[in-house]
Every structure is written in C-alpha cells, then in structure tokens.
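Encoded as structure tokens, the structure appears first; notes follow it.
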Amino acid sequence: MSRAMVFECLFLKGLNADGALAGLLRAEGVDVHSLEREYPIRVLNRCVDVTCAHLYPDLPIEDARLRLGRSFVQGFVQTLMGRVVAAGLPMLGPVRYLKRFPDHVLLDDSPLKVALVQLGERTFRMEFRNDFQVMSGFMSGVLLEWLKLARAEATITSERHSPMSFDLHITW
Numbered sequence: 006m007s008r009a010m011v012f013e014c015l016f017l018k019g020l021n022a023d024g025a026l027a028g029l030l031r032a033e034g035v036d037v038h039s040l041e042r043e044y045p046i047r048v049l050n051r052c053v054d055v056t057c058a059h060l061y062p063d064l065p066i067e068d069a070r071l072r073l074g075r076s077f078v079q080g081f082v083q084t085l086m087g088r089v090v091a092a093g094l095p096m097l098g099p100v101r102y103l104k105r106f107p108d109h110v111l112l113d114d115s116p117l118k119v120a121l122v123q124l125g126e127r128t129f130r131m132e133f134r135n136d137f138q139v140m141s142g143f144m145s146g147v148l149l150e151w152l153k154l155a156r157a158e159a160t161i162t163s164e165r166h167s168p169m170s171f172d173l174h175i176t177w
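First residue of the sequence shown: 6, per my numbering; consecutive thereafter.
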C-alpha cells in the first residue's frame with residue numbers, strides 16, 4: 006500500500022475532505038483531488054494533526070488521532086481490496102489478523118518496524134520501533150476498527166518509550 010492510498014482512504018473515502026479541510030491539507034502540500042504517488046511520513050503526520058485540530062478541536066490529540074485511524078479503515082473498506090479484506094476478517098479471526106498486521110502495515114518500502122508478542126489467549130503487545138514518528142493513537146484506531154470487523158471488541162492502551170517507540174497493549 007502506498008502513502009497516497011492512505012491519503013485516499015482517509016481523506017477522500019473516510020472523511021470526504023472538502024471545503025476548509027481540503028484547504029488545510031493543500032496548505033500542507035496535499036491536494037486530495039490530485040494525489041501524488043508518495044508523500045513523506047512527516048507530511049502524513051502533519052495532515053493527520055491538522056485534520057484532528059479541525060475536526061476534533063476539543064479532544065486530546067491521541068483521542069482525535071484514534072478517530073482518524075478508525076476513519077482510515079472505514080475508508081479503506083470502501084475500496085475493492087478493502088471489501089475483500091473486510092469480508093475475510095470474521096473467518097480469519099482477531100488472533101490471526103493481529104499476527105499478520107505487522108506485514109500489512111508496511112507502506113511501500115517504509116522502514117516501519119512492528120513486532121507482535123502474544124502474552125495470553127486474547128492479550129497481545131504490539132511493539133513499534135522506528136526511526137521516525139509514528140502516531141500511537143492513529144495506529145490504535147486502525148487496530149480497533151480492524152479488530153471490530155474481525156468480531157473482537159478490543160481495548161488498546163499505549164505505552165510510549167520515545168517519540169519513535171511505543172507499545173500497544175491489546176486485549177479483548
């Protein structure tokens with residue numbers, strides 16, 4: 006998946022960005038109606054935070070990012086590939102989905118490093134160790150929405166180690 010597809014799924018399909026929001030994204034270098042093939046991760050992060058401030062000004066930033074992570078998945082399942090993935094999730098189940106997540110979260114040739122540790126039957130720790138900032142709230146929202154589609158109402162807490170490193174603790 007390219008970062009352009011992340012932009013398409015989040016801003017066009019998930020949020021239907023137009024008007025003021027489209028203008029804010031354009032100011033960050035992204036025209037949602039004429040997407041480039043690739044964007045630096047810092048541009049994605051800025052666009053997520055600008056959108057959070059615009060749509061959810063009263064929420065703490067991680068809560069707003071979580072909502073955008075869920076919106077991304079909701080936008081992705083509107084694509085052909087997303088419909089296929091969503092249709093198979095109940096059969097795959099939450100455990101097998103989580104085990105595959107580190108491979109699915111890669112963006113093209115991104116150096117994203119994600120590892121999953123199973124701690125119990127329905128308890129996991131997902132470790133993010135990177136050389137760039139990854140938003141734990143956004144990733145939590147993505148996981149919560151996919152797990153919901155896999156028929157698991159999960160709880161996720163975040164433990165940040167540095168701006169580039171955090172763990173997500175997942176249970177259901």
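All C-beta atoms in this analysis are idealised placements derived from N, C-alpha and C, irrespective of residue type, glycine included.
1. Cutting at 8 angstroms between CB atoms, please list the residues of its own chain near Gly-34, excluding the five before and the five after it.
2. Output the distance between the C-alpha atoms of Lys-118 and Asp-63, rounded to the nearest integer angstrom.
3. Taking the alpha helix (DSSP H) that Val-89 belongs to, which residues open and close that run?
4. Could you tell me the boundaries of the alpha helix (DSSP H) in which Phe-137 lies?
5. Closest by CA to Phe-129, which one among Arg-88, Ser-163, Leu-154, Gly-142?
6. Report buried or exposed for Gln-79, applying the criterion of at least 16 other Cβ atoms within 10 angstroms of its Cβ.
7. How would you label Gly-125, buried or exposed, when you count the other beta carbons within 10 angstroms and need 16 or more for buried?
8. Is it buried or exposed for Met-144, if we count other Cβ within 10 angstroms and need 16 for buried?
9. Could you give the distance in angstroms between the alpha-carbon of His-59 and the alpha-carbon of Arg-127?
10. Per DSSP, Leu-171 forms a beta bridge with which residues?
11. Given that a residue counts as buried once 16 or more other Cβ atoms are within 10 Å of its Cβ, and exposed if not, what is Leu-85?
According to the structure shown:
1. Within the same chain, Gly-34 has close Cβ partners Tyr-44, Val-48.
2. Lys-118 and Asp-63 have their C-alpha atoms some 32 angstroms from each other.
3. Residues 85-109.
4. Taken as a continuous stretch (DSSP letters only), Phe-137 belongs to no alpha helix (DSSP H), as it is neither H nor E.
5. Closest by alpha carbon: Ser-163.
6. By the 16-neighbour rule on beta-carbons within 10 angstroms, Gln-79 is buried.
7. Gly-125 should be labelled exposed.
8. Under the 10 Å beta carbon count, Met-144 is surrounded by 16 or more other beta carbons and is classified as buried.
9. Computed Cα separation, rounded: 36 angstroms.
10. The question names Leu, but residue 171 is Phe in the sequence shown. As DSSP reads the structure, Phe-171 sits in a beta bridge with Phe-133, Arg-165.
11. Exposed, because fewer than 16 other Cβ atoms sit within 10 Å of the Cβ of Leu-85.
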